[in-house]
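Enquirer:
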């Protein structure tokens, strides 16, 4: 087994363990995420910066 497969198995086991120990945590996480303020302006600025940086690197 290579390290990638070991890491994937570890992550899956960790997620299953967290779901077993805290079954309501996922629902609580989604509820908090839905109630959080939305910052679409910041997201758009960051995405534009990434796109412009990629264009800059391609033309370099």
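Numbering (my numbering), first residue to last: 925 to 984. No residue lacks a Cβ here, since even glycine has one placed at the ideal position from N, Cα and C. None of the values given here were measured: they were computed from a predicted structure.
For the alpha helix (DSSP H) that contains residue 959, what are its first and last residues?
Expert: Run containing residue 959: 949-959, per the alpha helix (DSSP H) assignment.
Enquirer: Is residue 984 helix, strand or coil when you go by DSSP?
Expert: The answer is coil: DSSP assigns residue 984 none of H, G, I, E or B.
Enquirer: Between the alpha carbons of residue 955 and residue 944, how many angstroms are there, rounded?
Expert: Approximately 19 Å between the Cα atoms of the pair.
Enquirer: Among the residues of its own chain, which have a CB less than 7 Å from the CB of residue 928, if the five just before and after it don't count?
Expert: Nothing listed; no residue qualifies.
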